[in-house]
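Numbering (this note's numbering), first residue to last: 392 to 727.
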Ligand code: KG4
Ligand code: ZN
């Protein structure tokens, strides 16, 4: 079955066609129009500008996705759209567009949770992957650990109590002069510094919980930067980035180790934009090897926001019969 996926939850407008059947998971097209250059001028995503940019791009991106896939709208068996969570004005563009298309062509419409879609990216690259497994979603908006019991049922077993890992990278990246979003540049810079140089607090909540907290780490790093600047010197960016990355990686390893022990899982799925971080990928790879756990880490293009992952998640919602009516609305919240 061909599924058309539509994604507009933040600063990427994306449309994709995937072919999903029992035994087949194939991406026919996955077109992403990034707004990053526009938002970079402001040092972060400006919600209203994001909505307007989605409006401009969404029709042409969708037609391109159909054209590249070599299919017409009549071949599409289901339209899957990100309906939550995200920026409300941005989500509304995708939801309304998908509703209109589904209504005009009499195609079933399926709403998709963006976080579940990130996890579904792994199905596209690991053809044999099936639940149950444990998933770690690290993105600009989320840092959560899920116990995934079937394709559509997720139990959140750990989460950040405040900021997400991506926000933490982007915030410090911005303060040390990196263009938005700073995550990828910090990934590279961390190789050039001493990861023991700056003492920073761990974002892992102490104890038997699987929760994180990044706000204390962010504040500590800001205080360190400001303290150095007040003394008339610029902190060593590479040392700070290496130390910052190290405490984040250590916290993730600590909590994922605990999650593996608690759930006795045999598979770990990594997802979300921050899953592109090479230090996190490397450390989790080593951990999984040590624990005898299969590690499923989608390639970088499927980690950041894209509509192929939305279509993949949508397929399983379709099989469940989770269709939307014409009153489908978007929601900023991560509530199913
Ligand atoms: O999943 P995503 O595309 O958007 C959300 O749903 O939030 O994630 C975007 C986040 C940004 O914070 C960006 O800085 C971060 O992913 N990111 C990285 C890397 N590449 C992207 N963070 C750390 N290391 C990277 N290599
Ligand atoms: Zn995302």
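For glycine and all other residues, C-beta sits at the position ideal for the given N, C-alpha and C. All figures in this text were calculated on a predicted structure; none of them were measured in a lab.
- By the neighbour-count criterion, in which a residue is buried when 16 or more other Cβ atoms sit within 10 angstroms of its Cβ, residue 488 is buried.
- Within the same chain, 397, 399, 404, 406, 484, 485 and 488 come within 8 Å of residue 449 by CB-CB distance, once the 5 residues on both sides are set aside.
- By DSSP's assignment, residue 411 forms a beta bridge with 416.
- Assigned with DSSP and collapsed to three states, residue 425 falls in strand.
- By the C-beta density criterion, residue 696 is buried, having at least 16 other C-beta atoms within 10 angstroms.
- Within the same chain, 687, 689, 690 and 693 come within 8 Å of residue 516 by CB-CB distance, once the 5 residues on both sides are set aside.
- Residue 511 is not a Cβ neighbour of residue 473, given a cutoff of 8 Å.
- Annotation for residue 528: 506, 509, 535, 662 and 663 place their beta carbon closer than 6 Å to its own, counting only its chain and skipping 5 residues before and after.
- No Cβ-Cβ contact shorter than 8 Å links residue 641 with residue 604.
- Using a Cβ distance threshold of 8 Å, residue 452 and residue 422 count as a contacting pair.
- Ranked by how close their Cα comes to the Cα of residue 655, the residues 432, 526 and 440 have 526 in first place.
- The nearest non-hydrogen atom of ligand 2 is 7 Å or more from the C-beta of residue 670.
- Under the three-state reduction of DSSP output, residue 403 falls in the strand class.
- For ligand 2, residues qualifying as neighbours are 530 and 696, where qualification means a beta carbon closer than 5 Å to at least one of its heavy atoms (chain order).
- Residue burial annotation: residue 708 is buried, with at least 16 other C-beta atoms found within 10 angstroms of its C-beta.
- Each residue's CA atom was taken as its position, placing residue 596 and residue 644 some 13 Å apart.
- Taking all protein chains shown into account, residue 608 has 16 or more neighbouring C-beta atoms within 10 Å of its C-beta and is therefore buried.
- One alpha carbon belongs to residue 438, the other to residue 552, and they sit about 23 Å apart.
- Rounded to whole angstroms, the gap between the alpha carbons of residue 441 and residue 550 is 27 Å.
- Taking the Cβ atoms as the reference, residue 420 lies roughly 5 Å from residue 408, within the contact range of under 8 Å.
- Annotated as distal: residue 503 and residue 683, with beta-carbon spacing of 8 Å or more.
- For residue 401, the closest C-alpha among the options 727, 726 and 721 is that of 721.
- Residue 488 has no beta-bridge partner at all, per DSSP.
- Within the stretch 642–695, complete beta strand (DSSP E) segments of at least 3 residues are found at 658–662 and 685–687, given in chain order.
- Here DSSP, grouped into helix, strand and coil, assigns residue 519 to coil.
- Note that the C-beta distance between residue 481 and residue 445 is below 8 Å.
- Along the length of the stretch 427–511, whole beta strand (DSSP E) runs at least 3 residues long occupy 467–475 and 500–504, reported in chain order.
- Taking the Cα of residue 578 as reference, the smallest distance to any Cα among 591, 590 and 559 is reached at 559.
- A distance below 8 Å between beta-carbons, with the five flanking residues on each side excluded, links residue 463 to the following residues of its chain, in chain order: 457.
- Residues 580, 583 and 584 of the same chain have their beta carbon placed closer than 7 Å to that of residue 629, with the five preceding and five following residues left out of the count.
- Classified as buried, residue 538 has 16 or more neighbouring CB atoms from the shown chains inside 10 Å of its CB.
- Separation of residue 716 and residue 675 (C-alpha to C-alpha, rounded to the nearest whole angstrom) is 41 Å.
- Sequence-distant Cβ neighbours of residue 565 in its own chain, meaning closer than 8 Å and more than five residues away, are 434, 435, 571 and 573.
- Sequence-distant Cβ neighbours of residue 467 in its own chain, meaning closer than 6 Å and more than five residues away, are 393, 395 and 498.
- Per DSSP, residue 545 is one residue of the beta strand (DSSP E) stretching across 544–550.
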